[in-house]
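-9 is the number of the first residue of the sequence shown in this note's numbering; add one for each residue after it. Glycine is no exception: its CB is placed at the ideal position from the N, C-alpha and C atoms. Accompanying notes for the structure given below.
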Amino acid sequence: MKKIIFLIIIFVLLVIAGCKYQQLKDLNICGDGTCTLTEDCRTCPSDCACSSDESCDSFGVCRKAVCGDEICSEEEKSSNSCCEDCGCEDGKICNKVIQKCQEKIEVNEEIIENIVNKYLSENKIEGKIKKTIDAYYKEQIIKKVTIDCGKKELPYPCEIILFINEKGEIVEEVRTV
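Dropping the structure here:
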């Protein structure tokens, strides 16, 4: 007798659950003008559209444009207000301080090498250029030159970074020692 009552209760619960599922399923129709719990801006943009100052992320969540979030929104793209997210054309570099694309400076490798050698000589340091990249320092585009000044007999690494502007001037230096 207990088994029969138990089976009847299970059967009734399954029928009720099936009816509820069918009702929920019927309510979630993309394109009906209502954004329901199972819809989002990615799966049903017609019902769950983002506002004009938002974009839909990969999780289906509407987010306001924030510079530095790695999403190039329409607003950022049209106003050129966030090169960090939208990038720059060839030949330009993103100055993340002012969020504008700027032309790379033209300082040839020979001039950079002469500047570095003069710096090392004046400071009585041995070293060699490890790499040179286009970068920015405060609001100006510069060449960032990394110098390896390490010696085998030293137990610690030695590195110098020089920031060289378009006039060939060292505007900043950073040393590890």
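The three-state secondary structure of residue 93, taken from DSSP, is strand. Taking 8 angstroms as the upper bound for CB-CB distance, residue 154 and residue 97 are in contact here, some 6 angstroms apart. In this structure, residue 38 sits near residue 29, with a CB-CB distance shorter than 8 angstroms. Fewer than three beta-carbon pairs drawn from the segment 75 to 87 and the segment 101 to 117 are found closer than 8 angstroms, and the two stretches are therefore not classed as touching.
Beta bridge pairing from DSSP links residue 165 with 150.
Beta-carbon to beta-carbon, residue 89 and residue 72 are separated by about 5 angstroms, close enough to satisfy the 8 angstroms threshold. Comparing alpha carbon positions, the residue from 95, 144, 147, 146 closest to residue 122 is 95. Under the three-state reduction of DSSP output, residue 135 falls in the strand class.
Assignment of residue 45 by DSSP, reduced to helix, strand and coil, places it in the strand class. Residues of the same chain with a CB within less than 7 angstroms of the CB of residue 162, apart from the 5 flanking positions on each side, are 127, 153 in chain order. Spatial neighbours of residue 150 in its own chain (CB-CB distance under 6 angstroms, excluding positions within 5 residues in sequence) are listed in chain order as 137, 139, 165.
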